[in-house]
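Chains A and B, in that order, give the protein sequences. The first sequence begins at 1 in this note's numbering and counts up by one. The second sequence begins at 1001 in this note's numbering and counts up by one. Glycine is no exception: its CB is placed at the ideal position from the N, C-alpha and C atoms.
Protein chains: 2
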Amino acid sequence: METHKELTIGLFGFGVVGEGLYKVLQQTPSLKAKIKKVCIKNPNKKRNAPAELFTSDKNELLFDKDINVIVEVIDDSNAAFDIVSTAFQQGKAVVSASKKMIAEHLPEILQFQKDTDLPFLCEAAACASIPVIRNLEEYYDNDLLHGIKAIVNGSTNFILTKMFEDKLDFQEALLLAQQLGFAESNPKLDVEGYDAVNKWAILLNHAYGIVSHPDNLVFTGIQNIQLSDALVAKEKNYDIKLVAQAQKLKNGKVASFVIPQFVKHDEQLSFVKNEYNGVVIESGFADKQFFYGKGAGSFPTASAVLSDISALRYNYRYEYKKLYYHTPGELTNDFYVRTYVSFGALSDINKDDFEWIEEWHSGQIRSYLVGVIHFDKLSKSDWWKAPGVSVILSPDPVIESIELRNIQKRSLELAGIV
Amino acid sequence: METHKELTIGLFGFGVVGEGLYKVLQQTPSLKAKIKKVCIKNPNKKRNAPAELFTSDKNELLFDKDINVIVEVIDDSNAAFDIVSTAFQQGKAVVSASKKMIAEHLPEILQFQKDTDLPFLCEAAACASIPVIRNLEEYYDNDLLHGIKAIVNGSTNFILTKMFEDKLDFQEALLLAQQLGFAESNPKLDVEGYDAVNKWAILLNHAYGIVSHPDNLVFTGIQNIQLSDALVAKEKNYDIKLVAQAQKLKNGKVASFVIPQFVKHDEQLSFVKNEYNGVVIESGFADKQFFYGKGAGSFPTASAVLSDISALRYNYRYEYKKLYYHTPGELTNDFYVRTYVSFGALSDINKDDFEWIEEWHSGQIRSYLVGVIHFDKLSKSDWWKAPGVSVILSPDPVIESIELRNIQKRSLELAGIV
């Protein structure tokens, strides 16, 4: 049996997550983890903990030889990277919840771990309370992972649920999400998909060994979804969700995107409502697994951090098996997607980008089409992200190759419909 | 980084699971796991693999020094225990899918692991493709696990779904489950809850460190559920599921049972239909997590076995942290449950066992009541399992203590209703 480390923690950040963590560690002495010092930005704010616990000097934590674990749950990703870099240099294990920092500095963080052989755990950075990173690392640790589909952003899912079910408009729903505390301080980060794509970059790494800067991933948010889109979804008996998806193609490469998607009512992701997150993993022989839980908020995040701290006691670390021991996955844009596009004027969209168009509905205010487009064209163009254009992928959107279907395009053209 | 063992496997059993495993190992050389020999009972049966792979002499596997892993996926639990015992003595790691064998021999299997320091993995033995054991071991490895509720038997869930949704009667639904291959060879094992309670004994061990023989756990199956119960459920807007549940009480002890339960439509377990399994884990700060996937069938089982094999390459073993490093959980029957009971004649039930009765419906053919009963009374009596009596627990059935509510009992008595 292994030895169980006593953990002495230096904590950065004492917001809702940091304070929640402090409380739960006090209540569970069996964890044998003690917070020695907490670094905060504003030393004058009143805190629910003894004053001597706090400092605003980061070096008091980073250079304290007693402290063997740095936990950082701060909002500033530059400061977070700085803290993490120094922590590694000083021989400390790191637990981080900063998805933006991790997503943007993945190569450096991987290198730190290689150089120092110190653990870096970040379960809280994606889907908070759902143990998705650890499951991708440990349970789906072979090359049989066919695909993964996830709702990783609680606030956009909350907004979409409220728009669909309670008929709130976008602004009301966003306001409610902010009041309830699931929205990022800057709503643009949630609504336009930045938060989702950061989490997705982390998950792609643990799922497939892919190391990609979030800027290089194809994504958008829910900012352009219109009430008329919701009506179409209702008619077709679909939900609209912001879905992050990766799929292994026959050639072994990986298709990936974070784009709104129509979801059938009997799909697992349709079950994911309000601020919840959900992950569907499709693997060889296991069919589909579905993981569901709270993806945001102070307690779910604190609980994921806690679980990482607990794992450190047993010397747990990610092995990045898919990156180091298998052939790491490689992203490709060489595939097609079937998608719905709604728009005000025909000039808003680039109709010729489509291989073929299967449905075409002209309306007085908004029109829409459903068509098949090469993903490389989508990834290189911007028209589909412009205000006024709303792109929602069809269920099972990925088409690996097209052949005979071109005939249909021509037939629609000949018929003068398109 | 750790070294990655080359695994040489001796496989017991070449039914659907064994053969599935053989195929997938052939297709994924990256796993570096090779089946050297397969032991089967009937040497004359035609197999889809080279004849030289097979033997009917178990010692050819157990005493082969090359073989470092024994995988057993056989149906006979006595033979399985024999194999496992010898495998440990011979210094081999073990992967087992035999839930009955494991549940009934838990103390011995724990001792073998202590004595030999060899890994014993059994993810396939509970909920097949859902990685619930590993998650309970690794992710919920602290003492904050408030409760766990699960559908662990696919065939009973399939039967209940078909009875509810497709209006099949019990026998038709059972026949269909057998034709589709999710039912145990002896349907009594599924229908009367034996399979569920075996899995539950294993899960209680990994969840709370409890070591209990399945005979000592309170359970029943779905054998007595009537069409009239389904109508009551429909009226109340509930599903009926066979739910295995454990809950930590305020005094730290654990309430546990496997009994049919009414499930509200917005509860996660209501989402679990047909042959699927689902597990809801409630833990401090994380709210509820929900895991969902196929719980039976050859491929889901083979996939769980595969994942254990893959984990052995990295020297993974269960640490049984809750058993060895925390205070292990202790079962108690000192709590109350709220339950629905339907019956033909009043003499079928023991009405006086109830603390109080909240609802009472007399019908021409069947009557029912909803009442609160001390669990110890339930555990010590048999009337509620007799043919003709159907017990279905209310949603959130556990009541830790009762006080003022006794008044209500008396008031019903005074009113002459009960």
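key: B/SER1367 in three-state terms, based on DSSP   = strand
request  = Would you mind sorting B/GLN1245 into buried or exposed? The rule is 16 or more other CB atoms within 10 Å of its CB.
outcome  = buried
ask   = Can you tell me whether A/GLY363 is buried or exposed, with buried defined as 16 or more other CB within 10 angstroms of its CB?
value = exposed
query = So with Cβ pairs under 8 Å, would you call A/LYS288 a contact of chain B?
reply = yes
ask   = Should B/ASP1355 and B/ILE1402 be called a contact, given that it needs their Cβ atoms to be closer than 8 Å?
value = It is worth fixing the name first, because residue 1355 of chain B is Glu in this sequence and not Asp. Yes, Cβ-Cβ distance for B/GLU1355 and B/ILE1402 is below 8 Å.
task = Report yes or no: do the stretch 1286 to 1294 of chain B and the stretch 1127 to 1135 of chain B share at least 3 C-beta pairs separated by less than 8 Å?
result = yes
Same chain only: Cβ atoms within 6 Å of B/MET1001, ignoring 5 sequence neighbours per side = Low confidence applies to B/MET1001: its pLDDT is 35, below 50, so where it sits in the model is not reliable enough to give any reading.
query = Of all the residues that make up the stretch 1022 to 1038 of chain B, which are near chain A by a beta-carbon distance shorter than 7 Å?
reply = VAL1024, THR1028, SER1030 and LEU1031
key: Where A/VAL218 falls: helix, strand or coil (DSSP)   = coil
inquiry  = Let me check understanding here. Comparing Cα to Cα, which of B/VAL1016, B/LEU1025 and B/PHE1285 lies closest to B/ARG1047?
reply    = B/VAL1016
query = Whole-angstrom Cβ separation of B/ILE1151 and B/ASN1277, contact assumed at under 8 Å?
reply = 5 Å
ask   = According to a CB-to-CB cut-off of less than 9 Å, which residues of the stretch 1116 to 1129 of chain B neighbour chain A?
value = ASP1117, GLU1123, ALA1128 and SER1129
query = Whose C-alpha, out of B/THR1116, B/ASP1115 and B/VAL1069, is nearest the C-alpha of B/SER1096?
reply = B/VAL1069
request  = State yes or no: is the C-beta of B/LYS1045 within less than 8 Å of the C-beta of B/SER1056?
outcome  = no
key: Separation of B/LEU1145 from A/SER423, as counted between CA atoms   = Within the shown structure, residues of chain A are numbered from 1 to 418, placing residue 423 of chain A beyond reach of any answer.
Three-state secondary structure (DSSP) of B/VAL1280 = strand
request  = To the nearest angstrom, report how far apart A/ALA311 and B/LEU1203 are at their CA atoms.
outcome  = 20 Å
query = Got a sec: which bits of the stretch 1311 to 1342 of chain B sit with their beta carbon under 9 Å from any beta carbon on chain A, in order along the chain?
reply = ALA1311, ARG1313, TYR1314, TYR1316, GLU1319, LYS1321, TYR1324, TYR1325, HIS1326 and THR1327
key: Within-8 Å CB hit, B/ALA1246 to chain A   = no
ask   = Are the Cβ atoms of B/ALA1126 and B/LYS1099 separated by less than 8 Å?
value = yes
query = From A/ALA93 to A/PRO119, what distance separates their C-alpha atoms?
reply = 5 Å
Where B/VAL1453 falls: helix, strand or coil (DSSP) = Here chain B has residues from 1001 to 1418 only, and residue 1453 of chain B is not among them.
task = Kindly say whether B/ALA1201, judged by its beta-carbon, lies nearer than 8 Å to any beta-carbon of chain A.
result = no
ask   = Between A/GLY193 and A/PHE14, what straight-line distance do the alpha-carbon atoms span, to the nearest angstrom?
value = 26 Å
key: Nonlocal neighbours in the same chain, by C-beta distance under 8 Å from A/VAL263, ignoring five residues either side   = TYR238, ASP239, ILE240, LYS241, VAL243, LEU269, SER270 and PRO395
ask   = Taking Cβ-Cβ distances shorter than 7 Å, what residues in chain A pair up with B/PHE1088?
value = Near B/PHE1088 there are no residues of chain A at all, since even the closest Cβ is about 17 Å away, more than 7 Å.
ask   = Quick one: does A/SER98 have its CB under 8 Å from some CB of chain B?
value = no
ask   = Considering only the beta carbon of each residue, do A/VAL389 and A/ASN224 sit closer than 8 Å?
value = yes
inquiry  = Can you confirm whether A/ALA49, when its beta carbon is compared against all beta carbons of chain B, has any partner nearer than 8 Å?
reply    = no
task = Could you tell me whether any Cβ in chain A is nearer than 8 Å to the Cβ of B/GLN1268?
result = yes
query = How about B/MET1001: is its C-beta nearer than 8 Å to some C-beta of chain A?
reply = Bear in mind that the predicted position of B/MET1001 carries a pLDDT of just 35, short of 50, making it too unreliable to give a figure here.
query = Does any CB atom of chain A fall closer than 8 Å to the CB of B/ALA1194?
reply = Just to set this straight, residue 1194 of chain B is Tyr in the shown sequence, not Ala. Chain A contact via Cβ: absent.
key: Beta bridge counterpart(s) of A/TRP356 as assigned by DSSP   = A/VAL372
inquiry  = Here's the rule I'm using: 16 or more other beta-carbon atoms within 10 Å means buried, otherwise exposed. How should B/PHE1257 be labelled?
reply    = buried
inquiry  = Suppose the cutoff is 8 Å on Cβ atoms and the five residues either side in sequence are ignored; what does the same chain contact list for B/ASP1115 look like?
reply    = PHE1088
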